Structure formats: C-alpha cells, structure tokens
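J.: The numbering used here puts the first residue of the sequence shown at -10, with every later residue one more than the last. No residue lacks a Cβ here, since even glycine has one placed at the ideal position from N, Cα and C. The structure presented is a predicted model; accordingly, all values stated were derived computationally and were not measured. I have a structure here, written as structure tokens, and I will follow up with some questions on it.
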Amino acid sequence: MDNSEGYAIELRGIVKRFPGVIANNGIDLKVCRGEIHCLLGENGAGKTTLMRVLYGLYQPDEGEIILNGQPIQMTSPRTALNYHIGMVHQHFRLVPTLSVEENIILGLDEGTGLFMNFHKIREKISSIAREYGLPVDLQAKIWQLTVGQQQRVEILKALYRKVNILIMDEPTSVLTPQEVDQLFTTLRTLVDDGLTIIFITHKLDEVMQVSDRVTVLRKGKVVANLITTKTDKPTLAKLMVGREVVFRLKKSPLKQREKLLEVNDLHVLNDRGLPALRGLSFDLFGGEILGIAGVSGNGQTELAEVITGLRKSTRGKILLANKEVTNYSAREMNDLHVAHIPSERIKMGIVPALSIRENLILKKYCRPPFSHREFLNNKAIEDNARCAMSDFQITAPSCETPAKLLSGGNIQKVILARELSERPNLIVAVHPTYGLDIGATEQVRQTLLAQREQGAATLLISEDLEEIMTLSDRILVLFNGEAMGILNTERVDIEQIGLMMAGTRYHKGEE
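Structure representation (structure tokens):
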C-alpha cells in the first residue's frame, strides 16, 4: 500500500512563483487524517499561497498534490470542493445583502430554480449547526451579524458541502477572546468527528493551544515539522525567524506625570456619514501608553484620524497640553509634535517612489537645516538619513534606495525614524507591528517603550490583544464607537476585555 494513503492530503515539491519572488520553494507537506495541523510562519512566509494552491485558487509551477494515494489536478475551488476540501478565508467571501441560508447554498444545485424547498434546506443547515455548536439566525442578513457570527456562516458553508478537509486562514484575527475559545471548541469537535483541519497562523499561543502538529515555513520553505506537545514557543519562534527571540519586554513602573491629551464627548462620522465615535471621553498622560482594544470597525480608525488632524469631529473637544486643538489640520498637529504611525504603511506612511532619505524629511523638508528658502540642503538630508538608518537599524543598500523596494519591517522603521526623531509629545500608533516578522516586531515595541521612558504619551491602537496587554499601562475598549470602560493592565482580566469587546459595559465595582 502507498504510504500516502495514511494522510488526508500530501503536497510534494510545490513551487509557486510570482514576478520577482518565489512564494513556495519546493514545499513538502503531509497532513494526517483527523488532526489540527498548523501552518506557522511570518507574514510572507508562503502559508496562504500554499493553501491557495491546495484549494485551486493558484496553479503550482511545479509539484503535485496527492489525495488517497493518487495525484490530482486542483484546477479551481469547485474542483477542491468536489474533492471535499473547503477553505474559510481570512477575509470572508459572503454576500452582505443575502441571508445566512442564501449564502450557505449559493452556487449549489439546490440554490437554483423556482421551487427550492427552503424548509428542507433550513432543517439540514440547522442540524449541522446544532451538531457542531454553530448557532446563527439562518434568516438574518449577513450585514446584521457580528464578525464571529459571519465566520460561523463560512464554516457552515463548508460543512454543508460535506468537506473532509477544512483550511482556516488566520481565523482568529477578527475575533474576541471568547469567540476564539468558541472557535477552538468547534474545531476540536470537527476533528473528533473525523474532519482534518489545516490552520494558518503566525501566533505562537494559538499553535500551542489548538494544534496536534505544526509545520513551520520561512521564506517559502519548510524548516520544521513537529508534534506540538514536543515543542515550545521559543523553539518555534527561533524556527520562524532563524534566531533567538526575546519574549519578555522590560517595562518600568508608570511615573506620575501631567495630563497631555484630553478627549471630551467626541463625536465623529465615518466615510459613509454614519456615526463612528459616539461621545468618547478619555485622558492620556505623559509617559503612559493607553491601548485601544476592540474588534476592527468599531471606531479605531476614525479615532486615530481625528486626533492626528486627518478627520473632522462633529461634536466634542480635543485638548493637547491644555490647549484646545479640536479639528486642527494634520500640519498643525505635526507642528505641536504629534507623531502618527499609520496602519497603512504604503498608502499613508511613505511615498513609495521617493528614496529613504526623502521619505525621512517629508514632515520637515521646509525647515532648516534641510532647506534654505527654495533650496534643499542635500548634505543635511543625507546626514539625517545616515543617522536614522543607523539608529533604527534600517537595512537597505543606501539612503538613495526607493522606499517601495524595502521590506515591510524596514518601511515601518523608516516611518518610526521620521515620526520619532524629534521627540514627539504624543504618538498615535495604529497597528504598528502588523505584518512584521518577530524580530521587527520586537524592535518596534522596544522603540515605543523607549519613547514612554522619555515622557511621550502614546495612543496604541491594535487588534493584537497580546500586544495591547504587553505594552499598555491602561486599556480602553471600544465597541460601536463607545468606550465600554478603561482597565489598568496590572489588574486586567482577559475574559472581561473579551466581554467588553462584545459590547458589555465595564463598571469599576466589578474590578
């Protein structure tokens, strides 16, 4: 008998090339039946590309896929479904205006024609939902559901199609802690019932908590395949980045300082003209990091933009060092030493076509020593770039290198160097480590803590709850544009934060 028959799926020598990069470089992967198999790696390691090859979204340039001991051609997602392979994408593939049951049957034979038996369809979906603990209102529209409920719909879609192998791509990135626990319980129930789960993640805690086996990818290659119970986080981290990683950051006790930022009854509209912030109030002190936690889309983006001068408020006040700065422009806020580390590095953080040295002076090119009247001082600009590249460990051939050629980590270092080089009073950092490898993440976090030591106030907006817990002195939880409460990190309860992220208001007496 071919040994391949002992595996749910096997990939041999998979190569996938894109212009200028080899995303998968000769990858071998064996996934056993009835296990949760984690694909672990940094962003850009090739995890999602590999699974898109398995799901038929990409065609491999080399290699083969083995199912039940036989090579198969995975030409499309429909082919994958015919082989009982399903995928829940990081960004859901649902139609917001259709109901749950309509989304589940979309594209299937029972979803066509004039005489659909919705009662029978509803019964079948309800039976699956009960069996695997996936409660959801089948007649609700997708837009009416929480993100966690939408994920359940995606899982139900796959189960309704009778998949044997379910690929989950970064499934916890938009969930509350309670929803993560519920998801892991569901996945274990599915595995106990005979399904095989391939779980894509870059979070070490998740690997240790949920997986049976883990394959580590680095730069498009497999570097290890391990039984989870026989490894640990430091080992996995070293495999991911190729060096030892420091997990514990040193943070000195918070010193009593003066109030630097005061936000009172702030109301802000989003891009669609709908309320994004509803009467938000909080204070932020010098030398303090205030973490803003919450599921994406609850007003975090608008909060960052209104404080940095990129969006206007409709009501309320913002005071910086006792000076009212409500609806100041971005230039005016910059002149008051407010630094902004935006979430979208390429779109808002740099000018991709400009060099490193030019990006480093975007906020100060019109001031001495970088210019005199209408002339730029190239020597001062180059000296500034050389110092910044050394201080922030920016890796590039030279300061003339276009920013678009840098890695995500080095782009973020350019932004940090520009924003933090002039001792800001207030730092607004939005997802500062998203998409970075462990080494770059460690450096960014150390940089923010160093600014804290120097007395800067930092508003840290992140969907990474571990990051919020590690760096913050206090945590404000946003839900639907309102503050559910503010907690001291020293006494924080992860379960309480999860409830607040889902809309439960915190009262001090509960502490």
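Looking at the secondary structure, which residues open and close the alpha helix (DSSP H) in which R83 lies?
T.: Note that residue 83 is Leu in the sequence shown, not Arg. From DSSP, L83 is part of no alpha helix (DSSP H); its letter is neither H nor E.
J.: Select from L308, A418 and E24 the residue whose C-alpha is nearest the C-alpha of R334.
T.: A418
J.: Could you pull the DSSP bridge partners for A264 from this structure?
T.: In the sequence as displayed, the identity of residue 264 is Pro instead of Ala. In the DSSP output, where bridge partners are listed per residue, P264 has L258.
J.: At the level of alpha carbons, what is the spacing between G183 and E24?
T.: 8 Å
J.: Would T262 be called buried (16 or more neighbouring beta carbons within 10 Å of its own) or exposed?
T.: Checking the displayed sequence, the identity of residue 262 turns out to be Gly instead of Thr. It is exposed - the Cβ of G262 has fewer than 16 other Cβ atoms within 10 Å.
J.: Write down every uninterrupted run of the alpha helix (DSSP H) in the stretch 331 to 405 whose length is 4 residues or greater and which is fully enclosed by it, in chain order.
T.: 345 to 348 and 367 to 380
J.: Quick check on this structure: which residue in I296, T220, I464 and K222 has the alpha carbon closest to the alpha carbon of A282?
T.: Here the closest residue by C-alpha is I464.
J.: For T161 versus Y121, is the C-beta distance shorter than 9 Å?
T.: no
J.: Helix or strand or just coil, what does DSSP make of M63?
T.: coil
J.: Please state if the CB of D272 and the CB of E533 are separated by a distance shorter than 9 Å.
T.: As shown, the chain starts at -10 and ends at 500. That puts residue 533 outside it, with no answer to give.
J.: Can you have a look at L394 and say buried or exposed, based on whether 16 or more other CB atoms are within 10 angstroms of its CB?
T.: exposed
J.: Buried or exposed, going by whether 16 or more other CB atoms sit within 10 Å of the CB of I216?
T.: exposed
J.: On the CB-based measure, 16 or more other CB atoms within 10 Å of its CB, does S241 come out buried or exposed?
T.: exposed
J.: Any contact of the stretch 47 to 65 with the stretch 134 to 144, i.e. 3+ C-beta pairs under 8 Å?
T.: No contact exists between the stretch 47 to 65 and the stretch 134 to 144.
J.: Measure the alpha-carbon distance for S360 versus N287 and round it to whole angstroms.
T.: Each residue's Cα considered, the two are about 42 Å apart.
J.: Using CA atoms only, rank isn't needed, just tell me which of E91, Q289, N32 and G338 is closest to I427.
T.: The shortest C-alpha separation from I427 is found at N32.
J.: Between the Cα of S115 and the Cα atoms of L148, R67, D98 and D50, which residue gives the shortest distance?
T.: L148
J.: Find the nearest neighbour of L18 within the set L309, G444 and R202, judged by alpha-carbon distance.
T.: Of L309, G444 and R202, the residue nearest in Cα terms is R202.
J.: Ignore the nearest five residues each way along the sequence and tell me which others in G498's own chain have a CB closer than 8 Å to its CB.
T.: For G498, the predicted model reports a pLDDT of 47, less than 50, meaning its position is unreliable; a value from the coordinates is still stated below. For G498, where only same-chain residues beyond five positions count, there are no Cβ hits under 8 Å.
J.: Taking the straight line between their C-alpha atoms, what separation do you get for L28 and L123?
T.: 24 Å
J.: Contact defined as beta carbons within less than 8 Å: I believe G470 pairs with L299. What is the distance between those atoms, to the nearest angstrom?
T.: Their Cβ separation, rounded to whole angstroms, is 17 Å, which puts G470 and L299 out of contact at 8 Å.
J.: Would you grab the beta carbon distance between R22 and T185 for me? Rounded to a whole angstrom, and I think it's under 8 Å.
T.: 6 Å
J.: Please state the DSSP three-state secondary structure of H329.
T.: Look at H329 here: in three-state DSSP terms it is strand.
J.: Compare the Cα-Cα distances from K239 to each of R6, T459 and G474 and report the closest residue.
T.: That would be T459, whose Cα lies nearest to the Cα of K239.
J.: So L206 and A34 are in contact, right, with Cβ under 8 Å, and what is the actual spacing, rounded?
T.: 4 Å
J.: Return the bridge partner residues of R202 from the DSSP annotation.
T.: H26 and I216
J.: Terminal residues of the continuous beta strand (DSSP E) containing E53?
T.: E51 to L56
J.: So, helix, strand or coil for Y508, using DSSP?
T.: Coverage of the chain is limited to positions -10 through 500, which leaves residue 508 absent and any answer about it impossible.
J.: Taking the beta carbon of E408 as the centre, do at least 16 other beta carbons fall within 10 Å, making it buried, or is it exposed?
T.: Counting the other CB atoms within 10 Å of its CB gives E408 a total of 16 or more, which places it among the buried residues.
J.: Could you tell me which residues DSSP pairs with N13 in its beta bridges?
T.: K5
J.: Assign C376 to buried or exposed, taking buried as 16 or more other Cβ atoms, counted over all protein chains shown, within 10 Å of its Cβ.
T.: exposed
J.: What is the rounded straight-line gap between the Cα of Q133 and the Cα of E90?
T.: Their Cα atoms are separated by approximately 14 Å.
J.: Look up M105 in the DSSP assignment and say whether it is helix, strand or coil.
T.: In the structure shown, M105 sits in coil (DSSP, three-state: anything other than H, G, I, E or B).
J.: Got a sec? Which residues, its chain only, sit under 6 Å from L164 by beta carbon, not counting five neighbours each side?
T.: G137
J.: Starting from G137 and walking both ways along the alpha helix (DSSP H), at which residues does that stretch end?
T.: Here the alpha helix (DSSP H) through G137 covers V136 to Y149.
J.: With a Cβ-Cβ cutoff of 9 Å, do G487 and Q167 count as a contact?
T.: yes
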